[in-house]
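Residue numbering for the sequence shown follows my numbering, starting at 331 and increasing by one per position. A virtual CB, placed ideally from N, CA and C, is assigned to each residue, including glycine.
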Amino acid sequence: MQIKIKDLLHHPLNSDIYNLSNLDDLTASINEVGLLTPLVIDERNQVISGNRRLKCIQILGWKTVEVNQIHIGDQNPALLIIHHNKQRQKSYQELINEYLQLSNVYKLGRGKRSDLTYGRSTVSADIRQKTTRDLIAEQLNLSSSQLYKLAYIHKQNSQLIKKLDDGELTINKAYDTLKSGMRWRLAGPRESVLDFYETPKIITEQLLANEPFDFSNTALEPAVGKGAISSVLEQHFSSVVSYDIERDFLQETQQYDILITNPPYSKSIDFIQKAMHVVRDKFCFLLPIGYLNGKQRYGPAFGSKAFPLKRVLVFVPNLHLGHPKSSAENLVEGGLLGYAWFIWQRGYEGDPTISWIEKPKKKE
């Protein structure tokens, strides 16, 4: 049937799931050959299928359009919207949005009688034997393993989904890296945008050998990765708390005496400012020596009078932390970046000092 375009509405759930951008090609196609498939709308004239096409014909100035109107009743609208968009090409973010919507749908279905209809389908014995992930994967035209990896990436580091869409990463590479316990980070302005690495233990050992600490205090490592730094701390401090992506340091409320970490470079300013609120005595960050420079960092990182920078402990040889042979047990020298331990101490008076570690001694 024909309906006036001014009477149609985008379904509110559509914007939670799908992106209406990049419409130029579709608009040009509709302008050339017309609308080949009618829009699907519900009883309230809300578009279930064809929200992108509706946007295009609005751009083209159409007054009416052909639609198929369906009766939704007590059926779940998210289930219908995703079903009607099953064949469209989707971004990874849109797949995640579909996954989250369907997860809620299937959660609502738990504990109900299995002879009742679910959407338009009856939940058969065969379906009941499948996991929720299997059922959702089928609806998204994905394998169950693909969906598991995508959901895992989203849960552990949702920012990586955009990098999947931008073609900077593959699902397998992102998944394998996160599963290994390594952190995805910026290594510095001259390194690859995506760099992940462990901190050789000798680097932390040199910090503890060159800076005085009260080892009866509690130390925090909030970006633990595979545990290279925390394993050294545990040999010295009486109490060590460590975590990584499973807990957001930026939401931390508990107080700690000492904090020692190699922070995600892209969140380093946020980490510094958070540390100033939750650390009682001192905190130490491993950072590129070039971190001393820069207007954006100066105030937030070095402007505090209550928690000033006390000392910079510089490694004389450049450290190649991204080298394939670099690991918790093996330090590789010769990289492009110089690194240092930046040490802040509450109530410190005076100018920051600088010291050098000429040659880190490798563990025998």
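(request) Just the C-alpha distance for Asp376 and Ile426, rounded to the nearest angstrom, thanks. (result) Here residue 376 refers to the residue found at position 46 of the sequence shown. Here residue 426 refers to the residue found at position 96 of the sequence shown. Looking at the sequence provided, one finds Gln at residue 376 rather than Asp. The C-alpha of Ile426 is placed about 23 Å away from the C-alpha of Gln376.
(message) If you follow the alpha helix (DSSP H) that Leu499 is in, where does it begin and where does it stop?
(response) Locating residue 499 in the sequence shown gives position 169, where the first residue counts as 1. Element bounds for Leu499: n/a, residue is neither H nor E.
(request) Taking Glu396 as part of the alpha helix (DSSP H), name the residues at either end of that continuous run. (result) Along the sequence shown, one-based indexing puts residue 396 at 66. Per DSSP, Glu396 is not a residue of any alpha helix (DSSP H); the beta strand (DSSP E) it occupies stretches across 394-399.
(message) At the level of alpha carbons, what is the spacing between Trp674 and Thr534?
(response) Indexing the sequence shown from 1 puts residue 674 at position 344. Indexing the sequence shown from 1 puts residue 534 at position 204. For Trp674 and Thr534, the gap between their C-alpha atoms comes out near 16 Å.
(request) Classify Glu373 as buried or exposed, calling it buried when 16 or more other Cβ atoms lie within 10 Å of its own Cβ. (result) Taking the first residue of the sequence shown as position 1, residue 373 is located at position 43. Exposed, by the Cβ-count rule.
(message) Given this structure, state the Cα-to-Cα distance separating Glu424 from Tyr669, to the nearest angstrom.
(response) Residue mapping note: residue 424 aligns to position 94 of the sequence shown, counting from 1. Residue mapping note: residue 669 aligns to position 339 of the sequence shown, counting from 1. Approximately 40 Å, taken between the alpha carbons.
(message) Taking the alpha-carbon of His607 as reference, which of Gln584, Glu663, Pro530 has the nearest alpha-carbon?
(response) Start at 1 with the first residue of the sequence shown, and residue 607 comes out as number 277. The shortest Cα separation from His607 among Gln584, Glu663, Pro530 belongs to Gln584.
(message) I'd like the span of the beta strand (DSSP E) that includes Ala549, first residue to last.
(response) If you number the sequence shown from 1, residue 549 lands on position 219. Note, Ala549: beta strand (DSSP E), 548-551.
(message) Taking its Cβ as the centre, do 16 or more other Cβ atoms sit within 10 Å of Asp681, making it buried, or is it exposed?
(response) Counting from one through the sequence shown, the residue named residue 681 turns up at place 351. That one is exposed.
(message) Can you tell me which residues form a DSSP beta bridge with Thr618?
(response) Within the sequence shown, the letter at position 288 stands for residue 618. It is worth fixing the name first, because residue 618 is Pro in this sequence and not Thr. Tyr669.
(message) Measuring CB atoms only, is the stretch 642-649 touching the stretch 569-578, in the sense that at least three cross pairs come out at less than 8 Å?
(response) As far as the Cβ criterion goes, the stretch 642-649 does not touch the stretch 569-578, which means the pair count is below three.
(message) On the CB-based measure, 16 or more other CB atoms within 10 Å of its CB, does Gly380 come out buried or exposed?
(response) In the sequence shown, counting from the first residue as 1, residue 380 sits at position 50. Around the beta carbon of Gly380, 16 or more other beta carbons sit within 10 angstroms, so the residue counts as buried.
(message) Does Glu582 come out as helix, strand or coil in the three-state DSSP assignment?
(response) Indexing the sequence shown from 1 puts residue 582 at position 252. For Glu582, the secondary structure class from DSSP, reduced to helix, strand or coil, is coil.
(request) With DSSP collapsed to three states, give me the class of Val453. (result) Taking the sequence shown and counting its residues from 1, the one referred to as residue 453 is at position 123. For Val453, the predicted model reports a pLDDT of 43, less than 50, meaning its position is unreliable; a value from the coordinates is still stated below. The three-state secondary structure of Val453, taken from DSSP, is coil.
(message) Starting from Thr683, trace the beta strand (DSSP E) in both directions and tell me its first and last residue.
(response) Sequence index remark: in the sequence shown, residue 683 carries index 353 (1-based). In the DSSP annotation of this structure, the continuous segment of the beta strand (DSSP E) that includes Thr683 starts and ends at 683-687.
(message) According to DSSP, Leu649 sits in a beta bridge with which residue or residues?
(response) Locating residue 649 in the sequence shown gives position 319, where the first residue counts as 1. Answer is Glu663.
(request) Please check the pair Pro530 and Ser685, which I expect to be a contact at CB under 8 Å, by giving their CB distance rounded to whole angstroms. (result) Counting from 1 along the sequence shown, the entry for residue 530 is found at position 200. Counting from 1 along the sequence shown, the entry for residue 685 is found at position 355. No, Pro530 and Ser685 are not in contact; Cβ-Cβ is about 19 Å, not under 8 Å.
(request) May I ask which residues mark the beginning and end of the alpha helix (DSSP H) holding Ile335? (result) Position 5 of the sequence shown, counted from the first residue, corresponds to residue 335. Element bounds for Ile335: n/a, residue is neither H nor E.
(message) Three or more C-beta pairs under 8 Å: does that hold for the stretch 583-603 against the stretch 613-622?
(response) The stretch 583-603 is in contact with the stretch 613-622.
(message) Taking 8 Å as the threshold (C-beta atoms), are Ala408 and Leu343 in contact?
(response) Position 13 of the sequence shown, counted from the start, is the residue given in the question as residue 343. Position 78 of the sequence shown, counted from the start, is the residue given in the question as residue 408. In this structure, Ala408 lies closer than 8 Å to Leu343 by Cβ.
(request) Note down, in chain order, each residue of its chain lying with its Cβ closer than 6 Å to the Cβ of Leu494, except the 5 sequence neighbours on either side. (result) Along the sequence shown, one-based indexing puts residue 494 at 164. Cβ neighbours of Leu494 beyond the five flanking positions: Tyr422.
(request) Can you give me the Cβ contacts of Leu550 inside the same chain, cut-off strictly under 6 Å, excluding the 5 residues immediately before and after it? (result) In the sequence shown, residue 550 corresponds to position 220, counting from 1. Here the set comprises Val571, Tyr586, Leu589.
(message) Rounded to whole angstroms, what is the Cα-Cα separation between Tyr678 and Ala636?
(response) Reading the sequence shown from its first residue, position 348 is the one you call residue 678. Reading the sequence shown from its first residue, position 306 is the one you call residue 636. Cα to Cα, Tyr678 sits roughly 8 Å from Ala636.
(message) Considering Cα atoms alone, identify which of His401, Ile347, Ile400 is closest to Arg382.
(response) In the sequence shown, counting from the first residue as 1, residue 382 sits at position 52. Among His401, Ile347, Ile400, the Cα nearest to that of Arg382 belongs to Ile347.
(message) Can you tell me whether Val570 is helix, strand or coil according to DSSP?
(response) Numbered from 1 along the sequence shown, position 240 holds the residue referred to as residue 570. Val570: strand per DSSP, three-state reduction.
(request) Can you tell me which of the three DSSP states Thr461 falls into? (result) By one-based count along the sequence shown, residue 461 stands at place 131. Three-state result, Thr461: coil.
(message) Helix, strand or coil, according to DSSP, for Gln423 in the structure here?
(response) For this step, residue 423 is matched to residue 93 along the sequence shown. Here Gln423 sits in helix by DSSP.
(message) Within 10 Å of its beta-carbon, does Glu528 have 16 or more other beta-carbons around it, so buried, or fewer, so exposed?
(response) As a working mapping, residue 528 is identified with position 198 in the sequence shown. Buried is the call here.
(message) Checking 8 Å against the spacing of the C-beta atoms, do Ile335 and Gln388 come in under that value?
(response) Residue mapping note: residue 335 aligns to position 5 of the sequence shown, counting from 1. Residue mapping note: residue 388 aligns to position 58 of the sequence shown, counting from 1. Yes. Within cutoff.
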